[in-house]
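Report on one structure; see the data block that follows.
Residue numbers (my numbering), protein chains in the order written: chain A, 22 to 539; chain B, 1297 to 1453.
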């Protein structure tokens, strides 16, 4: 009898809810019944309310069970042993689950399916086909990325191809590829999932970038809050190097490319690309004034491609399937797919990759199933701590860079945080300012001082001190920060504040005022 | 929780020298010192400055800029609670208050007996299993009052 093949996610979200303990218990149960098992610690499929979600490989494909707690292990293992039999936690074929079935998985094509530490798995699922295309015609890489319409998935939405072309055209003795894996936005975890679930796709994407612009060294800057991602990436880099997919002759070609992981140190502002470069150079994470652009003078003063994890992890499929294939998805100037992350008070939290154009309401009420608490959805923050709060009346806005900008918001890195009707929006506005004050690098005045004044002003409003005057002051302060700050930290902090004031004005009337009005 | 050895300049010098040739060596050096000693001793700053040929002010600036590089030893355990929006939406503020009252400290402080340091963290990327926490590097999701009390009890051991 061949060994049972059981998948138990090693993704941090699964580990945080007991996947390691469940894996140990499965091993023990197998030993007791003298059943040979092979346990693969895969990434997560992204249905996080079902984690830990275990899968058994059967001759009819995989069968999933979840969420599996320690007390369920015996009975789930028995069901698995019976060839994926019925059980109260049985989900069936994961791909047939509505949450997965309605997705378009391009960037996340392999995540949750493969063993993240197996190059064989990676290749068996179309891995390194993009690199093969790239090596076949290196001169065409930049054009393919440009034609695909891929835009920076970190939040800024800058066309990736233009960035690459600028670096490719720059003359220098040395160039760098830098991956921004400083995923600090609350409500986002897509970068972490890719690095933990399909690290080779990021390595492949960075390698292709290196070939495209003639860079031979890449850095992946991962936040220190992600120890699992750091460990998986380091393992994957070692494996790729041993297999000749990194090093002086990538895949036997004349191209050299080397990769190194660097850990952040708990500064949110280092997610800003120039602050990240400063940090990589061993300095304080102070934002640089632009120009010069990193594409001209980036890391150590050399031309540098700096892209988000998701942008780089999307490169291989663009090369493999062609620019037209990728461009076919999406709407307007937002082409392709976006890995959207559903979080906060939501019934079905997780990773949902879909073509641009889906509305906010479809995501929150439809895919997400409304709140986990069962109370009405009141506010939805899109795009992290610098993103706007949306009320239900804006649920018809399609997920698209331009449409969100028109609605005075941003899609950012694709995080959606849902709040029910117990949320106090004045408190959320205060938090936005407070967060900015804590994390400001201090280089420019609007951000450094404005955020602290912002906290004070919101406090006055909450306490009912001259509310009209202070609301006007807060609006004015937000305007100054938005247009006067050096980077998105100070520049975008007004989004959550102003959107809270605009869409939820009742929360900015203090208890004292409300009493007076009665 | 690994017990850290007391500050030792010779060990520190070896750690610094080991990484000094890395491009942008300062953060990797500070991370290595943090791992060894559990904090960045004030005496490390002139050592690093000397070996990397930087001013002491530059090194001090970097040490104090980043939240990770604590400048005095933490308690025997470090409990981090996520205070960011996704966890707020699932009731993390109440859990934060509970942690403070159970431990008798405010965020950023260590209990008087040196047992545990309570720290805020702004996102562990576990937003889909909010609220979340980290005890001595071990991550915990779907935190509730009961689980939090269990974590606090663990620090008694």
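Idealized CB from N, CA, C, for every residue including glycine.
Mapping the DSSP letters down to three states, classify residue 1368 of chain B as helix, strand or coil. Here residue 1368 of chain B carries a coil assignment [DSSP, helix/strand/coil].
Quick one: what's got a C-beta closer than 6 Å to residue 290 of chain A's C-beta in the same chain, skipping five residues either side? Counting only Cβ-Cβ distances below 6 Å, and skipping sequence neighbours, we find 296, 306, 460, 462, 510.
To test your reading of the DSSP string, which unbroken beta strand (DSSP E) runs of 3 or more residues are found completely within the segment 392-419 of chain A? Qualifying beta strand (DSSP E) stretches, in chain order: 398-403.
Three-way DSSP call (helix, strand, coil) for residue 115 of chain A in this model: Three-state DSSP puts residue 115 of chain A in a helix.
Please classify residue 218 of chain A as buried or exposed, where buried requires at least 16 other C-beta atoms within 10 Å of its C-beta. Buried, by the Cβ-count rule.
Within chain A, partners of residue 1363 of chain B - CB distance below 8 Å: Near residue 1363 of chain B (Cβ distances below 8 Å), the residues of chain A are 286, 287, 288.
Is the CB of residue 1391 of chain B under 9 Å away from at least one CB in chain A? Not an interface residue.
Span separating the alpha-carbon of residue 313 of chain A from that of residue 242 of chain A: Residue 313 of chain A and residue 242 of chain A: Cα-Cα distance of roughly 21 Å.
Report yes if the CB atom of residue 1311 of chain B is closer than 9 Å to the CB atom of residue 1348 of chain B, and no otherwise. Taking 9 Å as the Cβ cut-off, residue 1311 of chain B and residue 1348 of chain B do not qualify as a contacting pair.
What are the complete alpha helix (DSSP H) segments, minimum 4 residues, inside the segment 1339-1426 of chain B? The alpha helix (DSSP H) runs lying completely inside the segment 1339-1426 of chain B and spanning 4 residues or more are 1340-1348, 1352-1361, 1381-1384, 1388-1399, given in chain order.
Have a look at A/228, A/204, A/89, A/238 and flag the residue whose alpha-carbon is nearest the alpha-carbon of residue 197 of chain A. Nearest C-alpha to residue 197 of chain A: A/238.
Suppose only complete runs of 3+ residues qualify. What are the beta strand (DSSP E) ranges in the segment 274-332 of chain A, listed by chain order? Listed in chain order, they are 279-284, 325-329.
Measure from the alpha carbon of residue 1362 of chain B to the alpha carbon of each residue in A/108, A/176, A/148, A/244, then state which is nearest. Residue A/244 holds the alpha-carbon nearest to the alpha-carbon of residue 1362 of chain B among A/108, A/176, A/148, A/244.
Nearest-angstrom Cα separation, counted from residue 248 of chain A out to residue 233 of chain A: Rounded to the nearest angstrom, the two C-alpha atoms are 30 Å apart.
Which residue marks the beginning of the alpha helix (DSSP H) containing residue 519 of chain A, and which one marks its end? First-last of the alpha helix (DSSP H) with residue 519 of chain A: 515-524.
Which residues of chain B have a Cβ atom closer than 7 Å to the Cβ of residue 69 of chain A, listed in chain order? Chain B residues near residue 69 of chain A: 1424, 1425.
Per DSSP, which residues does residue 362 of chain A bridge with? Please list them. Checking the DSSP bridge columns, you'll see residue 362 of chain A partnered with A/372, A/436.
My understanding is that residue 50 of chain A touches residue 95 of chain A, with C-beta atoms under 8 Å, so please give their C-beta distance in whole angstroms. Indeed they touch by this definition, with Cβ atoms about 6 Å apart.
Using DSSP bridges, identify the partner residues of residue 28 of chain A. Its beta-bridge partners are A/61, A/76.
Cβ-Cβ separation, residue 66 of chain A to residue 257 of chain A (assumed contact under 8 Å), whole Å: Contact flag wrong, Cβ pair sits at about 19 Å.
Do residue 1388 of chain B and residue 208 of chain A have their CB atoms nearer than 9 Å? Pairing residue 1388 of chain B with residue 208 of chain A gives a Cβ-Cβ distance that is not under 9 Å.
Can you tell which of A/395, A/337, A/435 has the C-alpha that lies nearest to the C-alpha of residue 380 of chain A? For residue 380 of chain A, the closest C-alpha among the options A/395, A/337, A/435 is that of A/435.
Does DSSP put residue 456 of chain A in a helix, in a strand, or in coil? It is helical.
Within 9 Å of any Cβ in chain A, is that where the Cβ of residue 1338 of chain B sits? It does not; no Cβ of chain A falls within 9 Å.
Would the segment 495-502 of chain A count as touching the segment 366-374 of chain A if we require 3 or more Cβ pairs under 8 Å? The answer is no - the segment 366-374 of chain A does not touch the segment 495-502 of chain A, with fewer than three Cβ pairs under 8 Å.
If you draw a straight line from the C-alpha of residue 145 of chain A to the C-alpha of residue 222 of chain A, how long is it? Residue 145 of chain A and residue 222 of chain A: Cα-Cα distance of roughly 13 Å.
Since residue 1454 of chain B sits in a beta bridge, which residues does DSSP pair it with? Chain B is shown only over 1297 to 1453; residue 1454 of chain B falls outside these bounds and no answer can be derived.
Against chain A, with Cβ distances strictly below 9 Å, would residue 1418 of chain B count as a contact? Answer yes: the Cβ-Cβ gap between residue 1418 of chain B and chain A drops below 9 Å somewhere.
Determine which residues of the segment 222-253 of chain A have a Cβ less than 7 Å from any Cβ of chain B, and write them out in chain order. Residues of the segment 222-253 of chain A with a C-beta less than 7 Å from any C-beta of chain B: 245, 246, 247, 248, listed in chain order.
Between the segment 1365-1381 of chain B and chain A, which residues of the former have a C-beta closer than 7 Å to a C-beta of the latter? Within the segment 1365-1381 of chain B, the residues whose Cβ lies closer than 7 Å to any Cβ of chain A are, in chain order, 1365, 1380, 1381.
What residues from chain B crowd round residue 464 of chain A, counting only those whose CB sits closer than 8 Å? Within 8 Å Cβ-Cβ: nothing; residue 464 of chain A doesn't reach chain B, min ~11 Å.
Where does residue 206 of chain A land, buried or exposed, given buried means 16+ other C-beta within 10 angstroms? The residue in question, residue 206 of chain A, is buried, as its Cβ has 16 or more Cβ neighbours within 10 Å.
Given that a residue counts as buried once 16 or more other Cβ atoms are within 10 Å of its Cβ, and exposed if not, what is residue 332 of chain A? Counting of Cβ neighbours within 10 angstroms places residue 332 of chain A among the buried residues, the total reaching 16 or more.
May I ask which residues mark the beginning and end of the alpha helix (DSSP H) holding residue 84 of chain A? The continuous stretches of alpha helix (DSSP H) do not include residue 84 of chain A, which lies in the beta strand (DSSP E) extending over residues 82-86.
Would you decide whether residue 59 of chain A is buried or exposed? Buried here means 16 or more other CB atoms lie within 10 Å of its CB. With fewer than 16 neighbouring CB atoms inside 10 Å of its own CB, residue 59 of chain A falls in the exposed class.
Bridge-paired residues (DSSP) for residue 240 of chain A: When beta bridges are read from the DSSP output, residue 240 of chain A appears opposite A/199, A/281.
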